[in-house]
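Here the structure is laid out as structure tokens; the discussion comes afterwards.
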Amino acid sequence: MTSFVLKRLLSLIPVVVVVSIVIFSITYLTPGDPARTILGPDASPEQVQALRESLGLNAPLVTQYFSWLGGVLTGDLGDSFFLRKSVLSAIGDNLTPTLQLATIAITVALILAIPLGTLAARYRGTGLDRGVMAFTLLGMAVPSFVLGLLLMLLFAVKLRWVPVAGYVNPMLDFSAGMKTLILPGVALGAIVAALITRTTRAAVLDVLSSDYIDAARSRGVSNVRLLFTHTLKNAGLPILTIVGLTVGTLVTGAAVTETIFNIPGIGSLLVQAISRRDYAVIQGVVLMITFFYLFINLFIDLLYGLVDPRVRLGGKKGA
């Protein structure tokens, strides 16, 4: 297992290098000048060039890339042009709201998706199955920001159960914090739930049609035990895969939702950095999201061995 983990970690290096090159290049090739943005439209060309020189923006792109990469390897992602602090500090200040929002979203998704997908498969072809499939189609068709606006209009504007926007840290005031996070969390979670529900239904259907399930039925195993002990356990791999992918995408997908609900998370930080051409923050946030996404998938791979012993045995054999 140790060699398997090391191989997977080493396999991530070329992916991170390629992503860093792509992100660095795209950032600098997009229109806009951070020096002009900082100084404003009234600054003279000489002032703009002087600031570009002081920020190191006049150096060749390759030189700037290797200078930035050297900083990354030593844990220095650079400084924000606008925030007057390091990129690491900016990410740290905005990471907590995003992680809290992603936790609520994935919790909502799992609470909805696993039971609905399992029941839809168990009662395939019935009205319940068709209703669940309609829910998933609707969930996959409606963007999270549209659902978020609808929830905001109903529960914040009409019923006034929660604030329209804003953020309170639940670790400081749990009740007030949950009121600020529940609507964006449900908006993100419902969209993710649609995808997990369809995957769960397909995986459970596949297991229910297998020979060992028929054998278990012939031995008199009850339907409840058959469903929750034999079926869900063996349908776990595809469900784990889709959950891992959605957790990774939740961090990036939260950008628009955070902006709508005025939550100071990583998504909002990235949107502000793009609008300001704050190159160091854009590169640092995208690199952090890439690392997060890759390690979530690595974690899911390792869980495979716990869910299915055949995967664990295969890993040892390959090592």
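Per the numbering used here: the sequence shown ends with 547, consecutive numbering throughout.
Backbone N, C-alpha and C fix where the C-beta goes; we use that ideal spot for every residue, glycine too.
None of the values given here were measured: they were computed from a predicted structure.
{"Item": "Contact set for residue 322: own chain, Cβ-Cβ below 8 Å, skip 5 residues either direction", "Value": "492, 493, 494, 496, 497"}
{"Item": "Limits of the alpha helix (DSSP H) - the one that residue 304 falls within", "Value": "Where residue 304 is concerned, there is no enclosing alpha helix (DSSP H), given that its DSSP letter is neither H nor E."}
{"Item": "Where residue 543 falls, given that 16 or more other Cβ within 10 Å makes a residue buried", "Value": "In this predicted model, residue 543 has a pLDDT of only 49, less than 50, meaning its place in the structure is not dependable; the value taken from the coordinates is given anyway. Classification of residue 543: buried, given that the 10 Å Cβ count is 16 or more."}
{"Item": "N- and C-terminal bounds of the alpha helix (DSSP H) containing residue 361", "Value": "355-369"}
{"Item": "DSSP-derived helix/strand/coil call for residue 438", "Value": "coil"}
{"Item": "Inter-residue Cα distance where the pair is residue 313 and residue 287", "Value": "22 Å"}
{"Item": "Close beta carbons around residue 585, own chain, < 6 Å, minus the five adjacent residues each side", "Value": "The question about residue 585 has no answer here: the residues shown for the chain are numbered 229 through 547."}
{"Item": "Cα-Cα separation between residue 331 and residue 271, rounded to whole angstroms", "Value": "45 Å"}
{"Item": "Cβ-based burial, residue 380 [other Cβ within 10 Å; buried from 16]", "Value": "buried"}
{"Item": "Contact set for residue 429: own chain, Cβ-Cβ below 6 Å, skip 5 residues either direction", "Value": "345, 348, 349"}
{"Item": "Rounded separation between residue 238 and residue 267 - CA only", "Value": "43 Å"}
{"Item": "Residue 327: first and last residue of the uninterrupted alpha helix (DSSP H) it sits in", "Value": "315-350"}
{"Item": "First and last residue of the uninterrupted alpha helix (DSSP H) at residue 502", "Value": "494-504"}
{"Item": "Rounded separation between residue 408 and residue 490 - CA only", "Value": "10 Å"}
{"Item": "Close-in-space but distant-in-sequence residues of the same chain around residue 236 (CB under 7 Å, 5 per side omitted)", "Value": "526, 529"}
{"Item": "Cβ contact check for the segment 354-374 and the segment 434-450: 3 or more pairs under 8 Å", "Value": "no"}
{"Item": "C-beta contact flag for residue 372 and residue 485 at 8 Å", "Value": "yes"}
{"Item": "Status (buried if at least 16 other CB within 10 Å, exposed otherwise) for residue 420", "Value": "buried"}
{"Item": "Buried versus exposed call for residue 269 [16 or more other C-beta atoms within 10 Å across all chains shown]", "Value": "exposed"}
{"Item": "Inter-residue Cα distance where the pair is residue 397 and residue 317", "Value": "18 Å"}
{"Item": "C-alpha distance - residue 454 paired with residue 365, whole-angstrom precision", "Value": "28 Å"}
{"Item": "Alpha carbon of residue 513 to alpha carbon of residue 393, nearest angstrom", "Value": "24 Å"}
{"Item": "Simplified DSSP state of residue 284, which is helix, strand or coil", "Value": "coil"}
{"Item": "Delimiting residues of the alpha helix (DSSP H) encompassing residue 372", "Value": "372-379"}
{"Item": "DSSP-derived helix/strand/coil call for residue 426", "Value": "helix"}
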